[in-house]
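In mature numbering (1 follows the signal peptide of the UniProt record, and there is no 0), the protein residues as written are -19 to -1, 1 to 409. Heads up, the beta-carbon is just placed ideally off N, CA and C, and yes, glycines get one too. Worksheet: one structure, shown below.
Listed below in structure tokens is the structure:
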């Protein structure tokens, strides 16, 4: 009898402890709670507005809860790379910036192939070049669905153009500046008539050719190709040097306070910038409101700068639910919402035909519907760009060389030194 009583007491204690544990941790090891609700961890960077959109998804899908985390760009990508390398701690969904994407493609086995989730069915929703960027070199593995993109256009100050005797209507500007040579001629006229530089920085001039090149610093085998004959990186470098030697480039480092003041005050005439830049300008250059317009760039400069992809680390136990969410988030309808709320330029061309997109007048740009111009710019891009695992590090060496050139260093000596540093980086 005592044994039976003892057994009953033990069983009772076990039941109580089990109930307490269940209440303290509603989610099981598979990420589902006692009611079958799936929790997805979602890591992003920057200001996306996705934290608001996911609330709508949770309402439509009450069996899914999404934990949203956003960080600074570098911190986010470093933490993600550490987690997938360790095989533990990765989220169910991760946002990856396009310049970082090839770095993660080296760890293909650590991600879910979205083709296995049916991604091929929605391929036609996106720009071909953006879709292709999200694949591996062989085209049989899809790392992520495209979110926003960064088609480039010519941002220009109408007051500076007018003072220089140049047209200010966007269509007339596009017709005038229709080649790299024509851009230089317009820049010379601005300099002669206003004594202002045309572009803000060496980096902006350098990126004119660079961003349009389908292959730049490295080839898919990981070999450095910047010093090969016909290198688009060298072409971009030489173009920046040429404009600088003609006195057509300012010395305003992007994102610095001095640069922000220059944008605000009209200390230079133009930017060759991506669609997402206009959101920054609207928030940081209030005195420039109404003075900027946007025109399409010459074909040689048609390019993308920036953008991101949503990937699913292989560690997830909920690949299907994660895919359903990112497919919903990157649908044309929700890309339109992200564009309207946070200026994320859509990778889905169908958005360019939507009324809310085509009638989205920008007060900062004098009422111009700049979205239409950037839509044309996005459609003008024809090729995906291969960057390579060490793109950011190698490119920084070229930018260092350009900085030194602007301070008076010899261009060819700086180029050779940058190539040597890049070779050292790649050989590690």
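Evaluate residue i with the Cβ neighbour count: other Cβ atoms within 10 Å of its Cβ, from every protein chain shown; 16 or more gives buried, anything less gives exposed.
i	result
residue 101	exposed
residue 405	exposed
residue 55	exposed
residue 77	buried
residue 98	buried
residue 161	buried
residue 348	exposed
residue 104	exposed
residue 118	exposed
residue 409	exposed
residue 401	exposed
residue 111	buried
residue 121	exposed
residue 397	exposed
residue 131	buried
residue 67	exposed
residue 328	buried
residue 283	buried
residue 251	buried
residue 134	buried
Just the Cα atoms here: how many angstroms apart are residue i and residue j?
i	j	result
residue 94	residue 369	20 Å
residue 175	residue 141	7 Å
residue 313	residue 378	38 Å
residue 287	residue 344	24 Å
residue 89	residue 188	29 Å
residue 248	residue 178	8 Å
residue 205	residue 46	44 Å
residue 274	residue 330	22 Å
residue 395	residue 180	22 Å
residue 272	residue 159	22 Å
residue 253	residue 285	11 Å
residue 301	residue 96	12 Å
residue 403	residue 215	13 Å
residue 23	residue 295	14 Å
residue 173	residue 239	23 Å
residue 145	residue 237	27 Å
Considering only residues of the same chain and omitting the five flanking positions on each side of residue i, which have a CB-CB separation below 6 Å?
i	result
residue 265	241
residue 196	367
residue 303	21, 73, 74, 293, 297
residue 311	126, 128
residue 64	70, 71
residue 52	26
residue 87	370
residue 270	345
residue 149	139, 142, 143
residue 263	345
Taking 8 Å as the limit between beta carbons, can you name the residues of its chain near residue i, skipping five residues before and five after?
i	result
residue 82	114, 115, 124, 125, 290, 368
residue 147	154, 157, 167, 170, 171
residue 220	161, 186, 187, 189, 190
residue 407	199, 203, 204, 205, 371, 375
residue 243	181, 231, 233, 249
residue 17	44
residue 245	265, 266, 267, 268, 269
residue 339	333, 350, 352, 353
residue 235	181, 182, 184, 185
Going by C-alpha distance, which of the options is nearest residue i?
i	options	result
residue 389	280, 355, 76, 228	228
residue 364	371, 143, 280	280
residue 318	112, 37, 70, 26	37
residue 185	159, 204, 217	217
residue 57	47, 70, 46, 45	70
residue 308	87, 24, 127, 213	127
residue 337	315, 346, 79	315
residue 193	359, 150, 268	359
residue 230	211, 261, 165, 138	165
residue 26	239, 137, 59	59
residue 108	373, 323, 357, 383	357
residue 106	340, 384, 333	333
residue 91	80, 79, 61	61
residue 361	136, 373, 341, 277	277
residue 29	39, 305, 50	50
Cutting at 7 Å between CB atoms, please list the residues of its own chain near residue i, excluding the five before and the five after it.
i	result
residue 387	183, 225, 232
residue 381	399
residue 299	12, 19, 21, 73
residue 392	222, 386
residue 351	259, 275, 343
residue 256	131, 132, 326, 355
residue 201	118, 367
residue 324	257, 259, 260
Quick check: is any heavy atom of the ligand MN less than 6 Å from the C-beta of residue i?
i	result
residue 21	Among the components modelled here there is no ligand, and therefore nothing to report on the ligand MN.
message = Ignoring anything shorter than 4 residues, give me the alpha helix (DSSP H) runs that lie fully in the stretch 118 to 154, in order along the chain.
response = The qualifying runs are 139 to 144.
key: beta strand (DSSP E) runs wholly inside the stretch 202 to 282, at least 3 long, in chain order   = 251 to 255, 273 to 276
Complete alpha helix (DSSP H) runs within the stretch 314 to 401 (minimum length 4 residues, chain order) = 336 to 339, 351 to 361, 372 to 387
query = Can you give, in chain order, each stretch of the alpha helix (DSSP H) that sits fully within the stretch 15 to 92 and has at least 4 residues?
reply = 31 to 41, 54 to 67, 79 to 86
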